[in-house]
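S.K.: Heads up: the sequence shown runs through residues 1 to 140, numbered per UniProt numbering. Ideal Cβ positions, reconstructed from N, Cα and C, are used throughout, including at glycine. Remember, predicted model here, so these are calculated numbers, not experimental data.
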Amino acid sequence: TMCKSEKKEQSDGFDLRFFKRLWKILKILFPKLLSIPTSLFLLLLSLSFLEQYVAYQVGLISSRYYKVLGDRDLNGFLMTTLYSTLLVLAMATVLTTKTYVASVIYIVWRQILCQSVHLVYFSGINYYTLNIVKKTLDNP
């Protein structure tokens with residue numbers, strides 16, 4: 001006989017049932033190709049890629065300063081400082097925009113999931129109807 005821990009180990013994991021349920025949820029979260037949740041997700045994905053690119057460019061700033069300071073180039077130093085400032089501002093903008101879009105997509109997905117659960121719940125006779133109460137009762 002199997003004990004409970006052995007049964008639990010067999011039921012955990014990625015099986016066909018998991019992928020079917022995941023597909024069902026994804027169809028709810030992304031109803032159409034051109035929908036608000038899909039476009040928000042693609043915007044969030046592109047902002048994440050942009051964040052990685054800007055972070056890479058910020059990492060290269062120090063090598064630019066080494067070159068400019070080694071050459072004793074004042075104009076190059078000022079241009080590198082301007083470029084660095086713009087990169088830091090771009091990074092701050094990308095991070096705040098990404099945070100905002102993530103919070104908006106959280107709200108949209110939560111609304112969609114709640115509506116779909118309510119739709120399933122109220123589709124059959126899964127809730128109590130007040131047919132047996134007298135019609136004169138205003139607040140049953």
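What are the boundary residues of the alpha helix (DSSP H) that L60 is part of?
M.R.: In the DSSP assignment, L60 falls outside any alpha helix (DSSP H), carrying neither H nor E.
S.K.: Can you tell me where the alpha helix (DSSP H) with R110 in it begins and where it stops?
M.R.: L74 to Y121
S.K.: In three-state terms, what does DSSP make of G70?
M.R.: helix
S.K.: To the nearest angstrom, report how far apart A102 and F19 are at their CA atoms.
M.R.: Those two C-alpha atoms are separated by around 25 Å.
S.K.: Cβ of S84 within 8 Å of Cβ of I107?
M.R.: no
S.K.: Taking the alpha helix (DSSP H) that F19 belongs to, which residues open and close that run?
M.R.: L16 to L29
S.K.: Can you give the Cα-Cα distance for T97 and S63, rounded to whole angstroms?
M.R.: 28 Å
S.K.: From I36 to L78, what does the alpha carbon distance come to, in whole angstroms?
M.R.: 43 Å
S.K.: Could you pull out every residue in the same chain whose Cβ sits closer than 8 Å to the Cβ of A92, ignoring the five residues on either side in sequence?
M.R.: none
S.K.: What does a CB cutoff of less than 7 Å around L113 pick up in its chain, not counting 5 residues either side in sequence?
M.R.: I28
S.K.: What did DSSP end up calling S39 once you bin it into helix, strand or coil?
M.R.: helix
S.K.: How should L47 be labelled, buried or exposed, when 16 other C-beta atoms within 10 angstroms of its C-beta is the threshold for buried?
M.R.: buried
S.K.: Spatial neighbours of F41 within its chain, please: C-beta separation below 8 Å, excluding the five flanking residues on both sides.
M.R.: F30 and I105
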